[in-house]
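In what follows, a single structure is set out as structure tokens and then discussed.
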Amino acid sequence: MAVPAVLLFAIFHTYPALQGIYYSFTNWDGLSLRYDFVGLKNYLSLFKDVNVLNSYLFTFKFAVLATILVNVISLLIAMGLNAKIKYKNFFRGVYFLPNVLSMLIVGFIFNYLFANVVPELGKKLGIALFSTNILGNEHWAWVGVVIVAVWQACAMNTILYLSGLQTVPSELYEASGLDGANKWQEFWHITFPMIAPFFTINMVLAMKNFLMVFDQIVALTNGGPGRATESISLLIYKGGFSGGEFAYQSANSVVYFIIIVVISVLQIRFLQKREVDM
């Protein structure tokens with residue numbers, strides 16, 4: 005039963021990936037019938053390309069900040085939804101709604117808000133920063149991308165944290181209450197250690213997804229203004245499919261893949277070790 009799935013995966017994923025690695029050692033532009041092997045030239049050129057280095061800098065800055073914000077906000081929301089409140093299921097559905105919406109649709113909606121609604125509110129409130137479209141400001145456009153990405157990503161992370169919170173035995177809180185523990189002590193010594201595996205999953209998935217950010221940037225800024233918000237994925241797409249840099253961006257993709265794998269492995273090893281220490 006697994007053979008058809010394995011074959012499909014190999015044909016549409018593994019084989020194209022291996023082809024990309026092969027082409028990364030050539031000078032193929034993606035259209036010509038002929039190409040030459042250039043060895044490690046593409047890889048060495050990456051470290052000298054200012055646009056590539058800037059895209060990596062932006063992507064890492066964005067991914068680190070967004071990962072921290074998503075996990076902090078999601079955990080707070082999950083703890084609120086796990087409390088004894090009215091209409092608990094309704095609020096859970098509302099908070100999960102952003103995950104159902106298409107990334108591009110969300111991006112276009114927020115693009116309209118940043119371009120029209122927010123500037124009007126900024127003018128009425130007398131806030132100069134919000135009186136103009138921040139997506140058109142090369143110094144602040146990344147903030148708009150972070151806001152949209154975090155808003156949508158919180159939905160799934162909240163559900164995962166909520167699942168983890170529901171596995172914590174209530175007897176532990178009753179015992180801590182008898183011992184005179186306050187809410188912060190309960191969280192730090194009971195809640196957080198018990199949901200540590202869920203924290204690991206959320207951190208790894210969030211970092212991976214944010215390092216691969218593409219849709220939100222396409223819908224909000226398309227990498228602009230200039231190249232201020234050009235992520236690695238967007239740079240690979242633009243250069244590889246419309247810039248005649250297929251082999252060059254294939255090399256960039258290989259480096260990009262290795263970096264994501266290394267970061268994910270390091271995260272898992274560090275966070276799982278922390279789970280054991282807890």
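Just so we're aligned: 260 in this note's numbering is position 256 of the sequence shown, and the numbers increase by one with no gaps anywhere. Built from N, CA and C at the ideal position, the CB exists for glycine as well. Since the structure is predicted, the reported quantities are computational estimates derived from the model, not experimental observations.
Phe-41 sits in a strand when the DSSP states are folded into three classes.
Within the model, the alpha-carbon separation for Ile-205 versus Leu-37 is close to 44 Å.
DSSP lists Phe-41 as the beta-bridge partner residues of Thr-30.
Taking a cut-off of 8 Å on C-beta distances, the stretch 222-234 touches the stretch 137-150, as three or more cross pairs fall below it. Annotation for Ala-255: Ser-28, Asn-46, Tyr-47, Leu-50 place their beta carbon closer than 7 Å to its own, counting only its chain and skipping 5 residues before and after. By the criterion of at least three beta-carbon pairs nearer than 8 Å, the stretch 194-208 is in contact with the stretch 269-277. Beta-carbon to beta-carbon, Val-110 and Gln-156 are separated by about 6 Å, close enough to satisfy the 8 Å threshold. Leaving aside the five residues that flank Leu-176 on each side, the residues in its chain whose CB is nearer than 6 Å to its CB run, in chain order, Ile-194.
In this structure, Leu-139 is the residue among Leu-139, Tyr-19, Thr-30 with its C-alpha nearest to the C-alpha of Thr-225. Boundaries of the alpha helix (DSSP H) around Gln-220: 219-224. Counting other Cβ atoms within 10 Å of its Cβ, Ser-78 reaches 16 or more and is therefore classed as buried. Gly-34 places its beta carbon less than 7 Å from that of Phe-250. Where Lys-187 is concerned, the enclosing alpha helix (DSSP H) starts and stops at 187-190. Bounds of the alpha helix (DSSP H) holding Trp-155 are 145-169. Collapsing the DSSP output to three states places Asn-93 in a helix. In the structure shown, Ser-36 adopts coil according to DSSP, grouped into three states. Taking the C-beta atoms as reference points, Ala-70 is found nearer than 7 Å to Val-150. When rounded, the separation of the alpha-carbon atoms in Phe-64 and Met-216 is 10 Å.
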